[in-house]
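Since the structure comes first, as structure tokens, the remarks are kept for the end.
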Amino acid sequence: MAVPEQGGRMPYFYNTEGRLVQVDYALQAVGRGSTTIGLKTKQFALISSQVKPTRSLLEPAEKIFEIDEHVGATGSGYIGDVNTLIDELRLTAQRHRLVYDTPIDVVTLLRGLSQYLHSFTMYTVRPFGASIVIAGVDELGVQLVQIDPSGTNFKGSGFAIGQYADEALETIKNGYRPDMTVEQAIALTTEAVEGVNGGRSQIEHGVVRKDTKKFERLALAAAE
Amino acid sequence: MAVPEQGGRMPYFYNTEGRLVQVDYALQAVGRGSTTIGLKTKQFALISSQVKPTRSLLEPAEKIFEIDEHVGATGSGYIGDVNTLIDELRLTAQRHRLVYDTPIDVVTLLRGLSQYLHSFTMYTVRPFGASIVIAGVDELGVQLVQIDPSGTNFKGSGFAIGQYADEALETIKNGYRPDMTVEQAIALTTEAVEGVNGGRSQIEHGVVRKDTKKFERLALAAAE
Amino acid sequence: MAVPEQGGRMPYFYNTEGRLVQVDYALQAVGRGSTTIGLKTKQFALISSQVKPTRSLLEPAEKIFEIDEHVGATGSGYIGDVNTLIDELRLTAQRHRLVYDTPIDVVTLLRGLSQYLHSFTMYTVRPFGASIVIAGVDELGVQLVQIDPSGTNFKGSGFAIGQYADEALETIKNGYRPDMTVEQAIALTTEAVEGVNGGRSQIEHGVVRKDTKKFERLALAAAE
Amino acid sequence: MAVPEQGGRMPYFYNTEGRLVQVDYALQAVGRGSTTIGLKTKQFALISSQVKPTRSLLEPAEKIFEIDEHVGATGSGYIGDVNTLIDELRLTAQRHRLVYDTPIDVVTLLRGLSQYLHSFTMYTVRPFGASIVIAGVDELGVQLVQIDPSGTNFKGSGFAIGQYADEALETIKNGYRPDMTVEQAIALTTEAVEGVNGGRSQIEHGVVRKDTKKFERLALAAAE
Amino acid sequence: MAVPEQGGRMPYFYNTEGRLVQVDYALQAVGRGSTTIGLKTKQFALISSQVKPTRSLLEPAEKIFEIDEHVGATGSGYIGDVNTLIDELRLTAQRHRLVYDTPIDVVTLLRGLSQYLHSFTMYTVRPFGASIVIAGVDELGVQLVQIDPSGTNFKGSGFAIGQYADEALETIKNGYRPDMTVEQAIALTTEAVEGVNGGRSQIEHGVVRKDTKKFERLALAAAE
Amino acid sequence: MAVPEQGGRMPYFYNTEGRLVQVDYALQAVGRGSTTIGLKTKQFALISSQVKPTRSLLEPAEKIFEIDEHVGATGSGYIGDVNTLIDELRLTAQRHRLVYDTPIDVVTLLRGLSQYLHSFTMYTVRPFGASIVIAGVDELGVQLVQIDPSGTNFKGSGFAIGQYADEALETIKNGYRPDMTVEQAIALTTEAVEGVNGGRSQIEHGVVRKDTKKFERLALAAAE
Amino acid sequence: MAVPEQGGRMPYFYNTEGRLVQVDYALQAVGRGSTTIGLKTKQFALISSQVKPTRSLLEPAEKIFEIDEHVGATGSGYIGDVNTLIDELRLTAQRHRLVYDTPIDVVTLLRGLSQYLHSFTMYTVRPFGASIVIAGVDELGVQLVQIDPSGTNFKGSGFAIGQYADEALETIKNGYRPDMTVEQAIALTTEAVEGVNGGRSQIEHGVVRKDTKKFERLALAAAE
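Residue numbers (this note's numbering), protein chains in the order written: chain A, 1 to 224; chain B, 225 to 448; chain C, 449 to 672; chain D, 673 to 896; chain E, 897 to 1120; chain F, 1121 to 1344; chain G, 1345 to 1568.
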């Protein structure tokens, strides 16, 4: 099936191999973002994101966001895209409280974001250049999910996105233990981020715990 | 009829051979998805889908979805596309219950999805990069159908989509017996999936039975 | 009038010879469809369509559709397109009953479909890749019509569309007799289809009769 | 003024010579249509259109259309386009009766069609690939007009459109006499059509007369 | 500023020299139209337009149009475009009478047409391929104006548009005298048109007079 | 960052150097317009615009426009564009009187035009090919501003736009004296326009004075 | 992943490296803007912007804008874009006062502008070619933020945008002291701007103070 001539001139979404090229390119934008990690045990979920090396007189960018009392999120990729998706998550959570008068569960929150991201892959607009990691707690317990520019989502106990994500994930996989404490987890994600970025990094953390059912951003100092 | 010059510059849907090229490319996306099988006897319909080899700390993706009490579905292709189509099926089923106060029959469900998929082939948007297999039971008995990105649908007793679908289908055709039990069917679809993917795969199954008139997802362990 | 340069870059519908190229390409899609025949006498109209060679475990696709009690249709080309046009015909027929409380006549049904198809040739969408043959009976008697992707329609006593349509039509023309019985007609369309497709084909038939004023799909077995 | 580079990339309507290229191409589509003639005297107007050589088992296509009691029309070009324009004319005539309770006059009918055709030359849609000849009678007497894809219209006593239009028109001009009878006129248009199409053609005729103020389609046999 | 590469690919309106290329091409369409003249003295304004050499059995096209009792207009370029603009002028004049209960003045009429034409140069539609000359009388006296495809308008005592406009204008300029009679003016415009078109032409005239405050189309015979 | 391949095919607004190319081209259109000058002292503001060399029988185009009692404007570039912007200014001024019952101040008038022009640079339409100079008097005193196709505006005591603007501005800068009289200013702008256009030009002037708070167009004769 | 062929023809937002090319080009437009500085201590925030070297008879452009009593802003890039964003900020601030009856806080103001800018990167319009620096005081104290064309924003104590921004920022970083006075800060930003622009520049300043909670534009003379 070689139709290079006309094939190439219509407003193509798929390339000849059936790949959504703009989505692939958006993933490359994610791959340039700051190294970002998610880690979950039965007791808590931790999200950690490197704050890109900054300069003097510049406040470090916020990388860990509270979505609702019981949910936090972080992301990697184009900062404007990450922020827009975080806003979208917050809006979804608030609407849920307004309509149902209960905190949103993680799966519903996740599905909303997936649909939102997916719709930007169907039309002649651009897909978002950002992946998001959500940490939350609901009736099903502690939850950790990753959503990609195509709207694809994953559940698990350990994720890494952004620069050198693969190498960082290796560190997480090797050091992960189901009975870790939050402190041990922070030490591990710190090790993972610093390992791939060449030493001492500024890292922001957020944790949601099964017992408190609350998400809290940790002071940046915690990582130093 | 050789009009390469202008021919190539308009927003072409058809190529010079009368093929819908974006639909063909979308099918290639399906061909890269996880191997997915549908198998039907008079007593039951089974849908089985390989859970793509995952890594530690990652929960296997859900591949078998309940659409309604009496209908389940699976798919192969872009995950975001599969999920969107599953949502569309669920919505159709719910609307039907709401409006008619009866469970939706498989043909109506199928037609709705076909029209939805077809409409994305007519305009300057992209066709979905996913095929779906639906298993259900209604007044006409047990039903198994496959729907492709163009909205084309097929009825039958054995389907395979995704990677190495042709080879997997051979295994199904050879091992199929109209009086199989669910357990034998699971063994057969497992054999088909593992045969083409090089041994031991993680496979999710779902079954709908004539007697119970219910669809149920089977624990992943069933395949091990 | 040689304006190859700019000519080629605007969203062209016509090529330099005044041909609607996308419509021509759509006709090529029809030419790849299953061989499909329409045949009419004063007493009945028969539509016959080859069911494309299928594989085991796959139910043959439905090729003959009842539109209303007194009208049936078949088509050739992209299956998703055929199905959408069949739905459109059914909708038109139902609306007519609802509004006028009488069965729709074939000319009105035909005109509706022609306008629908034509409108898809005027804008930057794609024309349908399917031709349709309608067989019906109304106050004017038995009717047989063919509609092409451009919305052009023909009335007559013998049509063939799809693969090898020209050769199949030759067989029909040679064997046609105004006083044929339905059985003889079925034998003739079967001969026409099998002749071009290399022997024994699975063929679905539908017939509408002047006396009963009803359309009925014939069991596939009739052709064997 | 040589601006080949950018010139070519915007959605051009005009080419560098100031010609509307899509309209020119649409006229070429008309030039491939069946030879069609209009002829007028003070007493009547006749429209005659070759029914393209057909095959056995195919009913000749209708080429002469009644628009209203006192107006008929014919056309040449893409059949789907001709039919759509005929429908447009009928709708305009009916609306006029509904709103004003009088039969529409030919100039108003003509202007409506011209505006309709013209609007399809202004935007990024395609112009119609058909020319229309209208014959009618109103308070101003017998009228004969031709309308082209650009919406341009002409009044006169003799027109020819479609294949070999120029040659056919020569025959008309040579044989025309202001005091012809309808029969003589039919003989003349028949001669004109057959002369350019190589003998014995199937021709459909329609005539509107000053005395009856009615348009009537003539049986095809009249031309044989 | 040489940006040939990207420059060329966006939907350009301006070329690299800052010219509106589609407007320039539209002017070329005007330049192929029939030679058309406007001539004004304090007592009257005359508009004269060559009726393109026609053939037998074809009524000469109307080239001089009454817009309102006190205003007439003519045009050159694509006939469908000229007619649409004439309709626009008539509509504007009628609306003015309806709303203000007074005849429209020429400047208001002119401004409406200019805005209408201009708006078609701003978006991705095509500019009109026609220029218009308006002759009217209002409280400011006799008026003569020309409007081009870009919406640019001119006031004056002598205009020529269409084929060989420049040469025709020379004749007008040389022969013009402020105290001409209508008959002398008609002789002059006739000479101008015939001079550039090679002798004896069919010309239509229209005149608006200060004393009668009426516009009237002159019989074609007047020019012979 | 060399992405010539894809880079070039999307609907680019910026070129690779970050320049808005259509705006740059629009400025070139302005640079071909008639030489136009604005000059301001504390007592008055003068706008002067060359009336492009005209021919006999053509009235000079109006180049100086009253916007409201206390504001006048002129412009250079595409005449249709200038006129549309002048209409926009007049509408803004009238709306302001209607809503607030006070004459509009120059800054508000200017801001409205800037936003209007700017919006045409953001979407896939064309920017206006015209610059405007406004002279007005309000509570802040005499004001003179220039607005460019991008919506950028400048305040000052001396401006020149159109052909040979830079050279004309030199003349103004050299001859400017804060205590000039209107007559001296007219002499200076006349000198500036004629200096670059090769002698004796037809120039139109408009002046707004601090004492009268009125704008008035000066008779063309004043410049001779 | 080398898909140069089709890849290049769709309406690309991302290039093959996953970069938003139009946003990158917009940033180059910012890099040509006037050198603009923001500087913050606990007591005040200062924004300073070079007024591009102007000519005689031209008033220096306003570069420092009051958004609300307690907030000021400046920007660099296309002037029309800067002005539009300033208007957007003012509107947001006014709407906030109207709806909540309190002055807007800097974070809310910032988020509104970020979303506005971001939305122009998602569709087929152009991103703004301007970056903005906002200085304000609210309940969280003195605040200084920078927003880029992509909607990305930064908080900090020292920013530089526009021409030679990197070099200017070096000067700021070297000279910055947390206990500076406003006068010292002005001297520093002046030094930074003049250092990169080659001596004596016209610079506009604006300052917001913790004690007064007011923003004020400083007279230009302050910098001389």
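Idealized CB from N, CA, C, for every residue including glycine. It should be emphasised that the depicted structure is a prediction, and the values quoted were computed from it without experimental measurement.
Span of the beta strand (DSSP E) holding residue i?
i: G360 of chain B; result: 354–362
i: V868 of chain D; result: Taken as a continuous stretch (DSSP letters only), V868 of chain D belongs to no beta strand (DSSP E), being part of the alpha helix (DSSP H) at 854–869.
i: V247 of chain B; result: It is not in any beta strand (DSSP E) - V247 of chain B instead sits in the alpha helix (DSSP H) that spans 245–254.
i: Q1263 of chain F; result: 1261–1267
i: I47 of chain A; result: 44–51
Mapping the DSSP letters down to three states, classify residue i as helix, strand or coil.
i: H518 of chain C; result: coil
i: A1285 of chain F; result: helix
i: P459 of chain C; result: The predicted position of P459 of chain C is uncertain, since its pLDDT is 47 and thus under 50; no value can be drawn from it.
i: R1553 of chain G; result: strand
i: T36 of chain A; result: strand
i: K438 of chain B; result: coil
i: E913 of chain E; result: coil
i: I651 of chain C; result: strand
i: A1119 of chain E; result: Because the pLDDT of A1119 of chain E is 41, which lies under 50, any placement of that residue in the model is unreliable, and the number read from its coordinates should be weighed accordingly. Helix.
i: G1495 of chain G; result: coil
Starting from residue i, trace the alpha helix (DSSP H) both ways and give me its first and last residue.
i: V331 of chain B; result: 330–343
i: L730 of chain D; result: No alpha helix (DSSP H) contains L730 of chain D, which DSSP labels as neither H nor E.
i: G1200 of chain F; result: 1199–1220
In terms of alpha-carbon separation, which member of the options lies closest to residue i?
i: G479 of chain C; options: C:K490, C:G610, C:Q650; result: C:G610
i: K661 of chain C; options: C:E517, C:T489, C:A509; result: C:E517
i: G1550 of chain G; options: G:V1365, G:S1393, G:T1379; result: G:S1393
i: V499 of chain C; options: C:S524, C:T532, C:E631, C:P551; result: C:S524
i: T1309 of chain F; options: F:L1230, F:G1278, F:R1337; result: F:G1278
i: Q1011 of chain E; options: F:T1204, F:G1158, F:L1166, F:I1323; result: F:T1204
i: T569 of chain C; options: C:T464, C:D472, C:T550; result: C:D472
i: E216 of chain A; options: A:K42, A:L46, A:V196, A:L39; result: A:L46
i: Y302 of chain B; options: A:L39, A:G151, A:N197, A:V71; result: A:G151
i: A253 of chain B; options: B:G423, B:P351, B:A416, B:G422; result: B:P351
i: G1094 of chain E; options: E:K1069, E:Y1060, E:Y1072, E:L985; result: E:Y1060
i: K1005 of chain E; options: E:M1076, E:E1090, E:N1049, E:E1100; result: Rather than Lys, the amino acid found at residue 1005 of chain E in this sequence is Leu. Per the Cα distances, E:N1049.
i: A160 of chain A; options: A:V133, A:V182, A:G72, A:T92; result: A:V133
i: I875 of chain D; options: D:I736, D:T774, D:E811; result: D:I736
With a threshold of 6 Å (Cβ to nearest heavy atom), would residue i be considered close to the ligand ZN?
i: P1447 of chain G; result: Judged by which ligands are present, the structure shown has none, so any question about the ligand ZN falls away.
One question on the structure: do residue i and residue j come within less than 7 Å of each other, judged by their Cβ atoms?
i: G1232 of chain F; j: L1401 of chain G; result: no
i: G1025 of chain E; j: A957 of chain E; result: no
i: Q367 of chain B; j: G360 of chain B; result: yes
i: V349 of chain B; j: Y123 of chain A; result: yes
i: T522 of chain C; j: T483 of chain C; result: no
i: A168 of chain A; j: A185 of chain A; result: no
i: H398 of chain C; j: I534 of chain C; result: With chain C running from 449 to 672 in the structure shown, residue 398 of chain C is simply not present.
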